[in-house]
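Read through the structure below, which is laid out as C-alpha coordinates, and then see the notes.
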Amino acid sequence: MMQADLAGCEIALCNADGIVHAIGNTCPHAGGPLAEGALHGNMVTCPWHAWEYDCRTGQNDFDPEVTVPVYPVRIEGDDILVDVTSA
(Lines of atoms letter the chains of each structure in order from A and count residues from 1; the text may use other names and numbers.)
(Lines give C-alpha, C1' and ligand atoms only; values in the text may rest on other atoms or scores of the structure.)
Protein backbone atom coordinates (compact mmCIF):
# COMPACT_ATOMS: atom_id res chain seq x y z
CA MET A 1 0.00 0.00 0.00
CA MET A 2 1.01 3.58 -0.46
CA GLN A 3 -0.39 7.01 0.30
CA ALA A 4 -1.04 9.64 -2.37
CA ASP A 5 -2.28 13.22 -2.15
CA LEU A 6 -4.42 14.04 -5.18
CA ALA A 7 -5.76 17.58 -5.38
CA GLY A 8 -5.87 17.78 -1.58
CA CYS A 9 -7.53 14.37 -1.24
CA GLU A 10 -5.48 11.83 0.71
CA ILE A 11 -5.95 8.31 -0.58
CA ALA A 12 -4.53 4.88 0.14
CA LEU A 13 -3.61 2.83 -2.92
CA CYS A 14 -3.95 -0.90 -2.34
CA ASN A 15 -2.64 -3.65 -4.63
CA ALA A 16 -4.87 -6.59 -3.74
CA ASP A 17 -3.93 -9.65 -5.79
CA GLY A 18 -2.73 -7.51 -8.71
CA ILE A 19 -5.76 -5.20 -8.75
CA VAL A 20 -5.18 -1.62 -7.63
CA HIS A 21 -7.89 -0.05 -5.46
CA ALA A 22 -8.07 3.47 -4.03
CA ILE A 23 -9.78 4.34 -0.76
CA GLY A 24 -9.82 7.34 1.56
CA ASN A 25 -6.69 7.32 3.70
CA THR A 26 -8.37 8.38 6.97
CA CYS A 27 -9.96 5.83 9.29
CA PRO A 28 -13.37 7.12 10.45
CA HIS A 29 -12.82 5.65 13.92
CA ALA A 30 -9.94 7.85 15.09
CA GLY A 31 -8.30 9.33 11.99
CA GLY A 32 -5.55 6.75 11.54
CA PRO A 33 -3.60 6.73 8.24
CA LEU A 34 -4.84 3.59 6.46
CA ALA A 35 -1.93 3.51 3.98
CA GLU A 36 0.40 2.90 6.93
CA GLY A 37 -1.61 -0.16 7.96
CA ALA A 38 -1.51 -3.71 6.67
CA LEU A 39 -3.22 -5.28 3.67
CA HIS A 40 -4.41 -8.88 4.04
CA GLY A 41 -6.22 -10.04 0.91
CA ASN A 42 -8.77 -7.28 0.35
CA MET A 43 -8.80 -6.05 3.95
CA VAL A 44 -6.93 -2.92 5.04
CA THR A 45 -6.12 -2.78 8.75
CA CYS A 46 -5.78 0.63 10.38
CA PRO A 47 -2.43 0.88 12.19
CA TRP A 48 -3.89 2.73 15.17
CA HIS A 49 -6.71 0.49 16.45
CA ALA A 50 -6.89 -2.40 13.95
CA TRP A 51 -10.23 -1.43 12.40
CA GLU A 52 -10.53 -3.20 9.04
CA TYR A 53 -11.98 -2.03 5.73
CA ASP A 54 -12.55 -3.85 2.45
CA CYS A 55 -10.51 -1.98 -0.18
CA ARG A 56 -13.08 -2.90 -2.86
CA THR A 57 -16.15 -1.51 -1.08
CA GLY A 58 -14.80 0.71 1.71
CA GLN A 59 -16.96 -1.11 4.26
CA ASN A 60 -15.81 -1.85 7.78
CA ASP A 61 -15.64 -5.59 8.47
CA PHE A 62 -17.62 -5.32 11.73
CA ASP A 63 -20.14 -2.60 10.83
CA PRO A 64 -20.86 -2.16 7.08
CA GLU A 65 -22.47 1.23 7.86
CA VAL A 66 -18.99 2.57 8.71
CA THR A 67 -17.18 3.23 5.46
CA VAL A 68 -14.26 5.01 3.82
CA PRO A 69 -14.61 6.55 0.35
CA VAL A 70 -13.78 4.34 -2.63
CA TYR A 71 -12.42 5.90 -5.82
CA PRO A 72 -12.40 4.48 -9.37
CA VAL A 73 -8.96 3.47 -10.61
CA ARG A 74 -7.74 3.11 -14.18
CA ILE A 75 -4.28 1.91 -15.22
CA GLU A 76 -2.71 3.41 -18.35
CA GLY A 77 0.76 2.07 -19.00
CA ASP A 78 2.79 2.82 -15.87
CA ASP A 79 0.30 5.43 -14.62
CA ILE A 80 -2.34 4.87 -11.96
CA LEU A 81 -5.26 7.23 -12.57
CA VAL A 82 -7.69 7.84 -9.71
CA ASP A 83 -10.95 9.79 -10.06
CA VAL A 84 -11.21 11.59 -6.71
CA THR A 85 -14.24 13.60 -7.87
CA SER A 86 -16.58 10.61 -7.89
CA ALA A 87 -16.79 9.66 -4.21
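For any residue, its number in this note's numbering is found by taking its place in the sequence shown, counting from 1, and adding 402.
All C-beta atoms in this analysis are idealised placements derived from N, C-alpha and C, irrespective of residue type, glycine included.
Given the structure is predicted, the values throughout are model-derived calculations rather than measurements.
- Counting only residues of its own chain and dropping the five nearest sequence neighbours on each side, Trp453 has a CB closer than 7 Å to the CB of Cys429, His431, Asn462.
- Here Ile413 is buried: its Cβ has 16 or more other Cβ atoms, across all protein chains shown, within 10 Å.
- For Ala424, the enclosing beta strand (DSSP E) stretches over residues 421-426.
- Within the model, the alpha-carbon separation for Val475 versus Asp481 is close to 10 Å.
- Beta-bridge annotation (DSSP): Cys411 is paired with Leu408.
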